[in-house]
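Below is one structure, written out as structure tokens, with a few remarks after it.
The structure is reproduced here in structure tokens:
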């Protein structure tokens with residue numbers, strides 16, 4: 001589905017909402033865009049980057065956007081394509097990123113006189129802002145999981161913590177890539193053609209992107225510290241359990257050795273004594289207490 005909107009001074013915004021390679025090829029052919037961009041557009045694992053064709057003066061921006069739907073109980077990101085050519089801004093969305101189109105549409109309704117790059121940078125600013133609610137949601141989930149783990153360090157709660165760690169890795173990587181892309185624009189030849197207001201908007205996006213990087217990095221470090229703490233707790237618990245089992249196994253060998261000795265089929269002391277079994281039990285008990293006292297002192 002193709003949507004066209006006019007804005008500013010003879011500018012046009014074209015959005016194609018599809019996952020069809022054939023439709024993309026047709027659109028790019030009509031607008032004189034290199035077909036190589038199709039691979040960027042359809043690759044869900046494409047990294048955020050910047051391409052510029054000097055011959056056709058086409059600027060291609062691949063920007064990471066948050067995926068609102070969780071995948072395996074964690075959030076991920078998806079690449080979205082922005083193409084600037086002549087007086088046209090071309091965007092490509094799919095069913096998972098179409099909500100970005102709706103946000104951009106709302107912005108354009110408020111600021112219909114935006115320039116081409118002003119609309120582009122404002123859209124990138126909107127996308128960057130959309131990451132923050134997911135970071136805040138993950139922070140709230142981390143606090144909840146932390147409380148659950150304090151009550152009971154169960155496998156289910158540890159898996160919840162693992163899902164948060166996986167999700168924050170995607171957001172950290174995406175935010176860093178977006179920041180690098182925006183800084184590349186500032187050092188690109190296109191930057192010289194921007195107006196002062198457009199440069200200011202780009203600076204605002206860079207500042208917001210850096211803030212996002214710091215926020216995601218902080219959340220990642222907290223999750224990493226939390227995971228390491230509970231790993232240490234589990235290791236200490238395991239060590240305590242193994243120590244108790246070792247002590248019990250040592251102590252239980254005392255009655256086994258004594259009863260085994262007096263159970264041999266050969267002449268033995270106390271075999272004709274009617275109180276021999278009581279003496280045997282008493283010997284086992286005394287040695288058991290002596291050994292337990294020694295082990296307790298040793299363990300301390």
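Numbering (the UniProt record's numbering), first residue to last: 1 to 300.
The beta carbon of each residue, even a glycine, is placed where N, CA and C say it ideally should be.
Here residue 92 is near residue 16, since their CB atoms are less than 7 Å apart. Bounds of any alpha helix (DSSP H) do not take in residue 190, whose DSSP letter is neither H nor E. Only exposed fits residue 6, as fewer than 16 other CB atoms lie within 10 angstroms of its CB.
Residue pairing for residue 4: DSSP places it in a beta bridge opposite 14. For the set 175, 170, 218 and 24, the Cα lying nearest the Cα of residue 124 is the one of 175. Taking each of 63, 160 and 84 in turn and checking the Cα distance to residue 147, the smallest one comes out for 160.
Contact check for residue 103 against residue 126 passes: the beta carbons are separated by less than 7 Å. The straight-line gap separating the alpha-carbon atoms of residue 87 and residue 108 is approximately 16 Å. Assignment of beta-bridge partners to residue 204 by DSSP yields no partner. When DSSP states are grouped into helix, strand and coil, residue 225 belongs to the helix group. Counting only the Cα atoms, residue 29 lies some 27 Å from residue 114. Residue 87 sits in coil when the DSSP states are folded into three classes, being neither helix nor strand. Cβ neighbours of residue 169 within its own chain (closer than 8 Å, five residues either side excluded): 220. In the structure shown, the three-state DSSP call for residue 97 is coil.
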